[in-house]
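Numbering (my numbering), first residue to last: 123 to 442.
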């Protein structure tokens, strides 16, 4: 058996595909292709239907169950997501929360969408709440409900970028990028980051309603975008021009975060517009991700937090 090296694995499309073959996509595919079971609990059916149409899309009412009485009698094994709208403060949320018990933290979300005059910013916030509740459910929500797709992709990229940043903090991924290209060859830990990114790309494809039966095809068509070590070197070079330097080095956590965000946005761009992002796009993605990375708050615990006020909440409009 030939020896496995990070440089060989990440420095070419063929090497990238060898990494892809080690990733198990079946669980993500099964979850993404299963329609989420959603319950909306409110005291007013009409108000609930309007909220569903605005949040999930005009045709979404057929995919959502409604509960307008007996609020505290919810079958927690039946639903993946339970939304509560209670603008009049009747205590519906508390009743449902007690009914769901320990499942509540991964299923229950309180929405303000029942109020009249909700702004676009509040609508975006509500969608972000929905897709962020359970990462396992996020690709399915984007796949089933186009109105949630942008928020779903954003959550997928955010979660993976934070996970890779945390991994780089506690692992032996090099803290420096000597001569820019060293990040690729310096450590096999980079393989873990790349596998996370491979799964991220697959989830993004799922959210964009792509055929998930041929995983290798999905990766082959995106390999020039996300697979080459050249991309990592390019990201490192670009990030070095945007990130604040410390003794002439680029922080490893920031590189892991920025690299993952850029690859995620590149994949999203490809699926949304049907074409590969240009170098100008990649540079713009890198600049925005680097600005966010400069506001990373890193702890020694299990979490990498990002200043949400600095987060780029937009999509990927074409760069002129």
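We put the beta carbon where it would ideally sit given N, CA and C, even for glycine.
Assign residue i to one of three DSSP states: helix, strand, or coil.
i: residue 344; result: helix
i: residue 309; result: Because the pLDDT of residue 309 is 46, which lies under 50, any placement of that residue in the model is unreliable, and the number read from its coordinates should be weighed accordingly. It is coil, neither helix nor strand.
i: residue 142; result: helix
i: residue 183; result: helix
i: residue 315; result: helix
i: residue 153; result: helix
i: residue 417; result: coil
i: residue 349; result: Note on residue 349: pLDDT 48, under 50, position unreliable in the model; the coordinate value appears next. Here residue 349 sits in coil by DSSP.
i: residue 334; result: coil
i: residue 233; result: strand
i: residue 200; result: coil
i: residue 188; result: strand
I'd like to know whether the C-beta atoms of residue i and residue j end up nearer to each other than 8 Å.
i: residue 170; j: residue 188; result: yes
i: residue 341; j: residue 163; result: no
i: residue 215; j: residue 225; result: no
i: residue 204; j: residue 230; result: yes
i: residue 252; j: residue 270; result: yes
i: residue 378; j: residue 256; result: no
i: residue 408; j: residue 384; result: yes
i: residue 289; j: residue 315; result: yes
i: residue 153; j: residue 258; result: yes
i: residue 273; j: residue 250; result: yes
i: residue 381; j: residue 326; result: no
i: residue 261; j: residue 179; result: no
Quick check on the DSSP output: the alpha helix (DSSP H) that includes residue i runs from which residue to which?
i: residue 169; result: 167-178
i: residue 385; result: 374-395
i: residue 282; result: 271-292
i: residue 164; result: Residue 164 -> not in any alpha helix (DSSP H); beta strand (DSSP E) instead, spanning 160-164.
i: residue 217; result: 214-222
i: residue 264; result: 260-266
i: residue 248; result: 242-254
Relative to the alpha-carbon of residue i, which residue among the options has its alpha-carbon at the smallest distance?
i: residue 263; options: 402, 221, 319, 158; result: 158
i: residue 167; options: 227, 402, 206; result: 206
i: residue 183; options: 202, 375, 153, 160; result: 160
i: residue 201; options: 375, 324, 186, 247; result: 186
i: residue 181; options: 223, 266, 404; result: 266
i: residue 396; options: 247, 343, 197, 380; result: 343
i: residue 291; options: 376, 404, 403, 198; result: 376
i: residue 221; options: 418, 197, 400, 335; result: 197
i: residue 156; options: 334, 192, 194; result: 334
i: residue 228; options: 418, 325, 261, 254; result: 254
i: residue 191; options: 199, 213, 179; result: 213
i: residue 416; options: 402, 165, 247, 374; result: 374
i: residue 394; options: 275, 165, 248; result: 275
i: residue 223; options: 336, 194, 398; result: 194
May I ask you to verify whether the region 172-180 touches the region 141-155, counting CB pairs closer than 8 Å and requiring at least 3?
no
Any contact between the region 269-281 and the region 313-320? By contact I mean 3 or more CB pairs, one from each, below 8 Å.
no
Could you say if the region 327-338 and the region 381-401 meet the contact criterion of at least three C-beta pairs nearer than 8 Å?
yes
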